[in-house]
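Asker: Have a look at this one.
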Amino acid sequence: MYLKIKNKLRFNRFTRIIRFKNRISTNEACTYWLKSNKNKFIYEENNVNSFDLDISSIDKKPIPSPLSWANPLITRPRFIYSLSNVVVSPVESHIYFCDIDKSSSDLGSKFDCNNLSLFDFYTKNEILEAKEITGNILHLGISSNPSNFYHWLHEIYARIIRIKKKYDLDKFDFFIMPALKHKFQKEALDLLKIDSRKIISDKAFFRCTGNLVTANIDCIVSGVDLRNFFCEQKRHQFKKAKKYFLDRDAKSGLQKREFINFDKFKQKYEKSGFEFVKPEKISFQKQINLFLSAKGVVGVNGSAFSLSTLMNINSKVVEIFPKSFVDPAISNICAPAKLKYGFYIEDSYRPKTDDDWVRDANSKINADLIDHEKIINFFS
């Protein structure tokens, strides 16, 4: 096996054909790295990776492809990695190996811990100038926008919770992750008692010569990780009886999906027992308590639903979409959490073909084009 991998890496050096065509398998990569006795790949066992989504089209039109293409929803295996002498960045989830085999490429090889693959690279000259760091390091880099509540929560915070099961977080000397720019990020890390002085967030590369720990990103089962963790941490029991309307306005969130002409419909929801709340206006802990006390949530689609999985099994989630932006992120986390997911698209819109879907995350939604009675009845 060792000779096979060496020959394959050397073959890549001489052919230099498109790098993605020359990936070696995960098993081969793991075998190669484990021979040095310094790298560990911890497979997280007992994780179901296929889920059926309980989905309802409240507007009674066909379920659009963005919400139906993966039912059942199948996730990747989950690993925690312990590595040595690698290069990482706060703004990437990738791991760069510089010493696998000097004959494999100009600089080395890059491991994509999300797609579980290894391939040569030739353009990252800046890794040669990476700053050296020793000690125990937790890498939580992501390529997506860390200011987005959903991405930060499910791609960074949920990984910390997974790693916390295997490692004492106090033993890490540094946390390489995107900069903390928002109050919710600091509040969330405070709940884990993480010392912000240990965080390295420079947009640069770092050569970690000690022990680096990381985990592949899982934005599907991550919701269950959050549920299990916060349900264990809660200090008192919450009666799961409340229904919330997750409100937003023109200033809410990074993406401006404003609900216009809605004021005249608010009373309908209030009379049906819904409480209006703007999640971004309350603390992270209060958001946790909100979802722990909920049996149903509804609102304009977006990151406000990121903690929906804290609700009990069979609780209900309804996203209201504009015509020009239908996204599966929240439905994906609802599947493993066994929540009942419903949606309503403005004006019951469906394009003639899937190619005609438009993605404009800053769309306005006209409340006059929504059948609010159907949404309210979904929670009956």
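Residue numbers (the working numbering): 30 to 409.
We put the beta carbon where it would ideally sit given N, CA and C, even for glycine.
Quantities reported herein were computed from a predicted structural model and do not represent experimental measurements.
(1) Spell out the partners DSSP gives His183 in its beta bridges.
(2) For the alpha helix (DSSP H) containing Leu321, list its first residue and its last residue.
(3) Does the distance from the C-beta atom of Ile404 to that of Tyr373 stay below 8 Å?
(4) Restricting to Cα atoms, I'd like to know which of Ser301, Cys363, Lys293 and Lys269 is closest to Asp254.
(5) Measure the C-alpha to C-alpha separation of Glu261 and Tyr125 and round it to an integer number of angstroms.
(6) Taking the continuous alpha helix (DSSP H) assigned at Ile362, which residues delimit it?
(7) Do the CB positions of Leu167 and Phe108 come within less than 8 Å of each other?
(8) List the endpoints of the continuous alpha helix (DSSP H) containing Gly252.
(9) Hey, would you say Ile289 sits closer than 8 Å to Pro351, going by beta carbons?
(10) Starting from His401, follow the alpha helix (DSSP H) in both directions and report where the run begins and ends.
(11) Report all residues from its chain with a CB closer than 6 Å to the CB of Leu96; omit the five preceding and five following residues, and keep chain order.
(12) Note down the Cα distance separating Ala390 from Leu220, rounded to an integer number of angstroms.
(13) Going by DSSP, what residue range makes up the beta strand (DSSP E) through Leu241?
(14) Could you say if the segment 322-329 and the segment 267-278 meet the contact criterion of at least three C-beta pairs nearer than 8 Å?
(15) Tell whether a beta-carbon distance below 8 Å holds between Asn240 and Asn318.
(16) In whole angstroms, what separates the C-alpha of Ser344 from that of Gln314?
(17) Measure how close the beta-carbons of Phe234 and Ser118 come, nearest whole angstrom, since I'm counting them as under 8 Å.
(18) For Gly371, which residues of its own chain have a beta-carbon under 6 Å away from its beta-carbon, when the five flanking residues on both sides are left out?
(19) Do Gly328 and Phe274 come within 8 Å of each other at the CB atom, strictly closer than that value?
(20) Grab the span of the alpha helix (DSSP H) containing Asp219 for me, first residue to last.
(21) Using the beta-carbon count (16 or more within 10 Å), is Ile103 buried or exposed?
(22) Comparing alpha-carbon positions, which option in Ile349, Lys367 and Lys193 lies nearest Glu375?
(23) Can you list, in chain order, the residues of its chain with a C-beta nearer than 7 Å to that of Val115? Leave out the 5 residues immediately preceding and following it.
(24) Inspect the beta-carbon positions of Pro207 and Ile171 and report whether they are closer than 8 Å.
(25) Whole-angstrom Cβ separation of Arg188 and Ala366, contact assumed at under 8 Å?
Answerer: Reading from the atomic positions:
(1) Bridge partners of His183: none, in fact.
(2) Looking at the DSSP string, the run of the alpha helix (DSSP H) that includes Leu321 is Phe313 to Leu321.
(3) Taking 8 Å as the Cβ cut-off, Ile404 and Tyr373 qualify as a contacting pair.
(4) Distances from the CA of Asp254 to each of Ser301, Cys363, Lys293 and Lys269 were compared; the closest alpha carbon is that of Cys363.
(5) Rounded to whole angstroms, the separation of the alpha carbons of Tyr125 and Glu261 is 36 Å.
(6) Ile362 -> alpha helix (DSSP H) spans Ala358 to Ala366.
(7) No, the Cβ-Cβ distance between Leu167 and Phe108 is not below 8 Å.
(8) Looking at the DSSP string, the run of the alpha helix (DSSP H) that includes Gly252 is Ser251 to Gln262.
(9) Going by C-beta atoms, Ile289 is not nearer than 8 Å to Pro351.
(10) Element bounds for His401: His401 to Phe407.
(11) Pro357 and Ser360.
(12) Approximately 31 Å, taken between the alpha carbons.
(13) First-last of the beta strand (DSSP E) with Leu241: Asn240 to Ala244.
(14) Yes, since at least three Cβ pairs between the segment 322-329 and the segment 267-278 fall closer than 8 Å, the two stretches touch.
(15) Contact: no.
(16) Rounded to the nearest angstrom, the two C-alpha atoms are 20 Å apart.
(17) That belief holds up - the Cβ atoms of Phe234 and Ser118 are roughly 5 Å apart, short of 8 Å.
(18) Counting only Cβ-Cβ distances below 6 Å, and skipping sequence neighbours, we find Ser85, Ile87, Val347 and Phe407.
(19) Taking 8 Å as the Cβ cut-off, Phe274 and Gly328 qualify as a contacting pair.
(20) Element bounds for Asp219: Lys212 to Leu220.
(21) Around the CB of Ile103, fewer than 16 other CB atoms lie within 10 Å, so the residue is classed as exposed.
(22) It is Ile349 whose Cα lies nearest to the Cα of Glu375.
(23) Once the five neighbours on either side are set aside, the close Cβ partners of Val115 are Ile124, Tyr125, Phe126, Cys237 and Leu241.
(24) Result yes, Cβ atoms of Pro207 and Ile171 sit closer than 8 Å.
(25) No, Arg188 and Ala366 are not in contact; Cβ-Cβ is about 18 Å, not under 8 Å.
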